[in-house]
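Engineer:
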Amino acid sequence: MTARLIPVDPFDIVVFGATGDLAQRKLIPALFHRDEQGQIPAEARIIGTSRREMSDDEFRKFATTALELFVEEKLRTPEMMQKFLARFTYIAAEASKEDGWSKLDEALAQNQDRIRVFYLAVGPDLFGPICERLGNHKLVTPNSRVVVEKPLGKSGESAQALNDAIGKVFAEPMIYRIDHYLGKETVQNLMALRFANSLFEPLWTAAHIDHVQITVAETLGVESRAGYYDTSGALRDMVQNHILQLLCLVAMEPPSSMDADAVRDEKLKVLKSLKTLTTDQLETSVVRGQYRAGSTEAGAVKGYLEELGNPESKTETFVAIKIEIASWRWSQVPFYLRTGKRLAQRESEIMVEFKPVPINVFAKSASNLQPNRLVIRLQPDEGVKLWLSVKEPGPGGMRLKNVPLDMSFAEAFSTRQPEAYERLLMDVVRGNPTLFMRRDEVAAAWKYIDPILDHWKDTTDVPKPYTSGTWGPTSAIALIERDGRTWYEGPDA
Ligand code: BG6
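Quick note: my numbering has the sequence shown finishing at residue 1633, numbered continuously throughout.
1) Could you have a look at F1537 and say whether DSSP puts it in helix, strand or coil?
2) Is it right to say L1279 is buried, meaning 16 or more other beta carbons lie within 10 angstroms of its own, or is it exposed?
3) Going by the DSSP bridge assignment, what does T1610 pair with across the sheet?
4) Where are the alpha helix (DSSP H) runs, 4 residues long or more, that stay fully inside the segment 1509–1560, in chain order?
5) Should the segment 1350–1367 be called in touch with the segment 1474–1481, which here means at least 3 C-beta pairs below 8 Å?
6) For a quick check, are the C-beta atoms of A1400 and V1459 less than 8 Å apart?
7) Based on Cα-Cα distance, which residue from I1490, R1165, S1453 lies nearest to G1523?
8) For a quick check, are the C-beta atoms of V1148 and R1570 less than 8 Å apart?
9) What is the DSSP secondary structure of L1604, reduced to helix, strand or coil?
10) How is F1224 classed by DSSP in three states: helix, strand or coil?
11) Excluding five sequence neighbours on each side, which residues of the same chain lie with their C-beta closer than 6 Å to the C-beta of V1543?
12) Taking contact to mean at least 3 C-beta pairs separated by less than 8 Å, is the segment 1192–1212 in contact with the segment 1248–1256?
13) I need the boundaries of the beta strand (DSSP E) containing K1462, first residue and last residue.
14) Which term fits L1414, buried or exposed, when burial requires 16 or more other beta carbons within 10 angstroms of its beta carbon?
15) Would you report the Cα separation of K1541 and E1487, rounded to the nearest angstrom?
16) On a CA-only basis, which of R1174, A1158, P1498 is nearest Q1557? Give me that one, please.
17) Got a sec? Which residues, its chain only, sit under 7 Å from L1518 by beta carbon, not counting five neighbours each side?
18) Hey, would you say N1283 sits closer than 8 Å to R1256, going by beta carbons?
19) With a threshold of 7 Å, establish whether the CB of K1290 neighbours any heavy atom of ligand 1.
20) Using a Cβ-Cβ cut-off of 6 Å (strictly less than) and excluding sequence neighbours within five positions of R1185, which residues of its own chain qualify?
21) Are there 16 or more other CB atoms within 10 angstroms of the CB of R1622, so buried, or fewer, so exposed?
22) By Cβ distance, which residues of its chain are closer than 8 Å to F1310, with the 5 residues on each side in sequence left out?
23) Just curious, the alpha helix (DSSP H) that H1595 is in, first and last residue?
24) Find the nearest neighbour of R1469 within the set C1388, D1546, N1508, judged by alpha-carbon distance.
25) Pull the bridge partners of G1367 from the DSSP assignment, please.
26) Which two residues bound the contiguous beta strand (DSSP E) that contains D1635?
27) Excluding sequence positions up to five away, which residues of its chain have a Cβ less than 6 Å from the Cβ of I1232?
28) Is it true that the CB of D1590 sits closer than 8 Å to the CB of T1455?
29) Pick from S1298, V1492, L1411, F1335: whose alpha carbon is nearest that of W1627?
30) Assess contact between the segment 1604–1624 and the segment 1415–1431, defined as three or more Cβ pairs (one per stretch) separated by less than 8 Å. Is contact present?
31) Determine, using beta-carbon pairs with one atom in the segment 1580–1587 and one in the segment 1291–1302, whether at least three such pairs fall under 8 Å.
32) Whole alpha helix (DSSP H) runs in the segment 1404–1431 with 4 or more residues, listed along the chain?
33) So who's on the other strand from E1489, going by DSSP bridges?
34) I need the straight-line Cα distance from N1500 to N1512, nearest angstrom please.
35) Relative to the C-alpha of L1408, which candidate in T1419, V1426, P1394 has its C-alpha closest?
36) Kindly indicate which three-state DSSP category G1188 falls into: helix, strand or coil?
What follows is the structure, given as structure tokens:
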């Protein structure tokens, strides 16, 4: 099966921070894949900029290495490499000084009407200075958009300051706040599952759903990102954005259409309905942890503090939270979220557990009846599983077994699953902000997160240690078991 391509108009993309990790791992490979698929028009240009002095050829070498590392060899034919690399130019420019900007003016001057994408793959402290210069140099045309990466602030207050600085130069519809989780195929499939099938909607309420779990588990540690990570921590890095966005997609009301604002209005309502944690709940409904040395699939690994080289750090590498939503649909249905680094497996999934049957009419010996569970697996092995109770085949009475109706996307569609950035970058060019966070969503998410951060600042408690390669601190297990529930663990659960 071949993917349907929606061609985009010619564009210039200017990547600030073009020699950084994000450009190398995600942006350059994503643009290559779209080009290889024939979606990028011949005239489109990729203009890299950063402080470092570099020639066009050196930048092309950097891009070649990125492709060698992150794109399958069979796609990198000499013709394709040549066509793709010919789009690249490089301009050394200082974000907060005038140096180099006149060259950017020149490079863009020839295409005043063309779509312009300014991608800020730089730290948030540079968002304001870069936007200001783009404004001063009159580089922001009506056909321009700016893309900003998280973290968008470290609190509601700093997010507001950043949004104000960007907003001075770009109108809100031109601002694309990227949350790459929204570009993941399975995340979009969650919307298809809910709003293109009539099966689930009548059951998608507190009357039928017992609880929801969202797990985003990584086996990697912080490694070379320790410097950034230590100023962030799992709550800001993963929960404030990715995981709350996933929660919104599970919990939102059906939108009136797939228009950007129709979808984002519904997500905003969810964020505004999150019940602020009380002082007691800040202790009991939130668990933070920090990994210690241990072993993972990759062998023995160091603890976070050793990786960071600072034995004093209180930064959390794991968080679990029990969230409640004050709405008619979700009253009394807890959402348990957890995320962490150096956990037992790389696994991101959403599990919706339905209520048990009201009366078990089967004999006890027929086995213990399990509730139905719908599992939406984001990675790896994207797919959807619906666990049902069925009769075990054969004579010998009625024995029940819990087995999944299992749909693997890789098997159902024999195409490569595109990376989130491929879809999102083309959406930016097309001017479709549906899968990007609107300013009010970011503010509402911070409003929920800020009290947790404030509480941590004020308490003498430290994150609970957990051994690398496990599922996090034992108090995270206690968090859900106190309610008589357990974490859903993996494909054989
Ligand atoms: C990023 C976080 O946003 O998402 C990283 O900053 C995290 O810390 C990453 O590792 C996870 O993304 P993915 O797509 O690998 O699940």
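Glycine residues also receive a C-beta, built at the ideal position from the N, C-alpha and C atoms.
In this text, all values refer to a predicted model and were calculated from it rather than measured experimentally.
Structural biologist: Put simply:
1) Reading off the sequence shown, one finds Gly at residue 1537, where the question assumed Phe. Residue state, collapsed to three classes: coil.
2) buried
3) L1483
4) 1549–1552
5) yes
6) no
7) I1490
8) yes
9) Looking at the sequence shown, residue 1604 is not Leu but Lys. In this structure, K1604 counts as strand in the three-state DSSP scheme.
10) helix
11) V1530.
12) no
13) 1458–1463
14) buried
15) 25 Å
16) R1174
17) K1324, T1326, V1327, S1488, E1489
18) yes
19) yes
20) D1152, R1227
21) The residue is exposed, with fewer than 16 neighbouring Cβ atoms inside 10 Å.
22) Beyond the five residues adjoining it in sequence on each side, F1310 comes within less than 8 Å, by CB distance, of C1271, V1280, S1284, R1285, V1286 in the same chain, given in chain order.
23) 1579–1598
24) C1388
25) According to DSSP, which records beta bridges pairwise, G1367 is partnered with nothing at all.
26) Because the chain in this structure spans residues 1141 to 1633, residue 1635 falls outside the shown range and cannot be described.
27) Reading off the sequence, residue 1232 comes out as Ala, not Ile. Counting only Cβ-Cβ distances below 6 Å, and skipping sequence neighbours, we find E1193, G1240.
28) no
29) V1492
30) In short, these stretches touch, since the Cβ pair count reaches three.
31) The segment 1580–1587 is in contact with the segment 1291–1302.
32) 1419–1424
33) T1355, R1517
34) The alpha-carbon atoms of N1500 and N1512 are separated by roughly 14 Å.
35) The option with the nearest alpha carbon to L1408 is P1394.
36) strand
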